[in-house]
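Report on one structure; see the data block that follows.
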Amino acid sequence: MSEALRRTPLYSEHVAAGGKLVPFAGYEMPVQYPAGITAEHNAVRTTAGLFDVSHMGEFEITGPQALDLVQFVSSNEASALDVGQAQYSTLPGEDGNLLDDLLVYRFADRYMLVVNAANREKDFAWISRFLDRFDAKLIDRSDEIALLALQGPHAAEVLQKLASIDLAQIAYYRFANGEIDGSSSIISRTGYTGEDGFELYLVAEDAAHLWRAILRAGESLGVMPAGLGARDSLRLEMGYALYGNDLDETRNPLEAGLGWVTKLNKGRFVAGDTLRRVKEEGPAERLVGFRLLQRGFPRPGYDVRHSGRRVGKVTSGTLSPSLGVGIGLTYLPTDLAKPGTAIEIQIRGQPIDAEVVRPPFYTDGSIPR
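Shown next as structure tokens:
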């Protein structure tokens, strides 16, 4: 018998709203609501959408050598973080390949790592392997914390109605503690959509109340709940990689286009020497974006061809709701990974012309600059 799916603290809200629930990373999650994926996607691009992201994992690292542990297991320069700042990073394995991508938050007395739901147990076990080297403690807080993401150009306007602090004081990739409609929250100006927005970490017991309060506050602006389908099309329009599709344990951060969060000169960290060699030699393949030049819907797993030979497969693909064209991501040999390179995507047995492009595909987002 398969293991029972977990439910987030907002499960009842999704059912009440008519959400279509599907298995995702061990959870029952809404892929869409009755309005549909395109409407939810467009709401995020034009006003705001509210996502349940409570399936994500949150680890707390404390102790005198908390920073040393974070530095050792992650690829970015965590020592550069100010209190109240967040950072995108990766967890490389001993072979240099990607165990996960994650966010690192620095508090005055601790660090918080936010990891992908499907990798929660794996990541916790991996980091635990190194605890005997550092005077630090690792605690999994995932089941205690709910995570809501309000994303879109009007996200700040809506959330400010409920917030106890001035949200304009929170810069992009910064966070602060405050109350949202009476619920104590970590208010983080981060997201996965290409739009301005906030991710709210709070105790699980307050999640349903806050979910309803935000939707009420945004009702006049057309704010609506949004599911996994819209989350995927929004992130793909920005060229953001998804672990399990575009990132996995067979790929290293340099070929995945994550060299910018891989600080090879920061000192000793897991697989640092290996990744320095990859950098010197140059990766054999690179993750690139592509755009179809003909009608078609590129789906993960479809073959990518160049000059009649198979050179890769689609790792993520969709018909962009904002642009009306097929877009996607794929790994290509480095010599083909240049913008403008002509390729073909094999869709239902037919070769569809495409070209390599540099993401983001969608460039009109409201991310604070």
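For the sequence shown, numbering that gives the first Met the number 0 begins at 0 and goes up steadily by one.
Note that the Cβ used here is the ideal one computed from N, Cα and C, for glycine as well.
Note that this is a predicted model, so its numbers are computed, not measured.
Boundaries of the alpha helix (DSSP H) in which residue i is found, first to last residue
i      : result
Asp67  : 65–72
Val14  : 10–15
Ile346 : Not the alpha helix (DSSP H): Ile346 falls in the beta strand (DSSP E), residues 341–346.
Ala216 : 206–217
Glu156 : 154–159
DSSP-derived helix/strand/coil call for residue i
i      : result
Ile185 : strand
Lys121 : helix
Gly389 : Since the displayed the chain opens at 0 and closes at 368, residue 389 lies outside it and no answer follows.
Leu273 : In the sequence as displayed, the identity of residue 273 is Thr instead of Leu. Thr273 falls in the helix class under three-state DSSP.
Thr317 : strand
Asp100 : strand
Thr126 : According to the sequence shown, residue 126 is Ile rather than Thr. Reduced to three states, the DSSP call for Ile126 is helix.
Thr61  : strand
Leu4   : coil
Lys312 : strand
Asp352 : strand
Ala203 : helix
Thr362 : coil
Gly92  : coil
Member of the options whose CA lies at the smallest distance from the CA of residue i
i      : options                        : result
Leu246 : Arg276, Leu101, Ala16          : Leu101
Gly295 : Thr317, Ala283, Val303         : Thr317
Asn118 : Val324, Ser73, Gly243, Phe129  : Gly243
Leu274 : Asp302, Thr340, Leu97, Glu354  : Leu97
Glu59  : Ala107, Leu286, Ser74          : Ala107
Arg188 : Thr249, Tyr200, Leu328, Gly92  : Tyr200
Phe197 : Phe289, Ser184, Ala203, Gly339 : Ser184
Gly193 : Gly221, Arg211, Gly217, Gly151 : Gly151
Glu280 : Glu254, Arg5, Asp195           : Glu254
Identity of the residues DSSP links to residue i by a beta bridge
i      : result
Glu178 : Ser183
Gly56  : Val114
Gly288 : Leu328, Val356
Any chain B beta carbon closer than 8 Å to residue i
i     : result
Ser53 : The structure shown contains no chain B; it is built from a single protein chain.
Residue i, buried or exposed, once every other Cβ within 10 Å from all chains shown has been counted against 16
i      : result
Ile138 : exposed
Gly122 : At residue 122 the sequence reads Asp, which differs from the Gly that was named. Label assigned to Asp122: buried.
Tyr171 : exposed
Gly348 : exposed
Leu322 : exposed
Gly48  : buried
Thr249 : exposed
Glu143 : exposed
Asn176 : exposed
Arg105 : buried
Arg371 : Residue 371 lies beyond the residue range present for the chain, which begins at 0 and ends at 368; the question has no answer from this structure.
First and last residue of the uninterrupted beta strand (DSSP E) at residue i
i      : result
Ile144 : 144–150
His305 : 302–305
Val43  : Segment 36–45 is the alpha helix (DSSP H) holding Val43; no beta strand (DSSP E) there.
Gly48  : 48–51
Arg250 : Arg250 -> no beta strand (DSSP E), and no H or E assigned at all.
Asp139 : 136–139
Gly266 : From DSSP, Gly266 is part of no beta strand (DSSP E); its letter is neither H nor E.
Leu227 : From DSSP, Leu227 is part of no beta strand (DSSP E) but of the alpha helix (DSSP H) over 227–236.
Val222 : Element bounds for Val222: n/a, residue is neither H nor E.
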